[in-house]
Structures are given as structure tokens and as C-alpha cells.
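Here's the structure, in C-alpha cells; my notes come after.
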Amino acid sequence: SGAKLISSFKAELEHWGERLETLCHTTDEEKSVIAAVETAATGGGVLGEVLSRQPSFRLILQTLHGEDLIPEKAILAWARLRREGNHESPQGKLFKQGPTQAFLEW
413 SGAKLISSFK
423 AELEHWGERL
433 ETLCHTTDEE
443 KSVIAAVETA
453 ATGGGVLGEV
463 LSRQPSFRLI
473 LQTLHGEDLI
483 PEKAILAWAR
493 LRREGNHESP
503 QGKLFKQGPT
513 QAFLEW
């Protein structure tokens, strides 16, 4: 469920969040975190299956933003790249999911 996913993700962020903050100083670095989540979501396996299922990817993006790890500027820069990209690619399909689009239109 979405609540279980976010609960587990937030528990991981207790450990990794501070490290992400230390590593991410530019928009490109912040976008690379989103790209890593995309790779996990489209890479298959159990993790890919969970993250590619709607609305999981959106919930992860929203949590990264809500926890102040990925700012709006980086999310919107990533979204611009995806809008211009191949919508038939696995990343494009993930981007075009309804819940992800709803989050981007906030």
C-alpha cells in the first residue's frame, strides 16, 4: 500500500536523508537522485515492481520534496527534461502516470 511504502521510505530517509543533503548541492545533483529513483522503478525486480506501480513513484517524489531533500526547482527541471523526452520509454511512461502528473501540476 502507499502508506506502507512511504512509512518504509521515511524510515530509510532517517538514515540516508542527511547523506543526501550532504551530497546534493546543485540542481543537477538533485535531479540525479530523481534519476536514481527512476532507474530503480524501471529496472525490474521486486523494487521496480513496487516503484513502477501507481502512485508509488509520485509518493516517493512527494516525500523527497516534503522532507526538503529535493526542492521544487529540481523537480520542475527534471519534469521539463521528461516532457521533451521519449514518452514511450520506461522513464517516459513512469513520468506520464496520472498521479505523477497531478503532483507536478501542484
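Be aware that the sequence shown starts at 413, since it is given in the numbering used here, and climbs by one per residue. The beta carbon of each residue, even a glycine, is placed where N, CA and C say it ideally should be.
### Task
If I'm right that alanine 448 touches leucine 463 with Cβ under 8 Å, what's the distance once you round it to whole angstroms?
In fact, because the Cβ distance is near 11 Å, the residues do not count as touching under 8 Å.
### Query
In terms of residue numbering, what span does the alpha helix (DSSP H) encompassing tryptophan 518 cover?
First-last for tryptophan 518: undefined, no H or E at that position.
### Query
Exposed or buried, serine 501, counting other C-beta atoms within 10 Å across all chains shown (16 or more means buried)?
exposed
### Query
Quick one: is leucine 471 buried, meaning 16 or more other Cβ sit within 10 Å of its Cβ, or exposed?
buried
### Query
If you count every other CB in all the chains shown that lies within 10 Å of the CB of leucine 493, and 16 or more means buried, which is it?
Exposed is the call here.
### Task
Buried or exposed for leucine 435, please, with buried defined as at least 16 other CB atoms from any protein chain shown within 10 angstroms of its CB.
exposed
### Pick from Ser420, Asp480, Phe507, Ile487 that is closest to aspartate 440, judged by C-alpha positions
Comparing Cα positions, the closest option is Ile487.
### Query
Between the beta-carbon of glutamine 509 and the beta-carbon of proline 467, is there less than 9 Å?
It is a contact, given that the beta carbons lie within the stated cut-off.
### Task
Identify whether isoleucine 418 lies in helix, strand or coil by the three-state DSSP scheme.
helix
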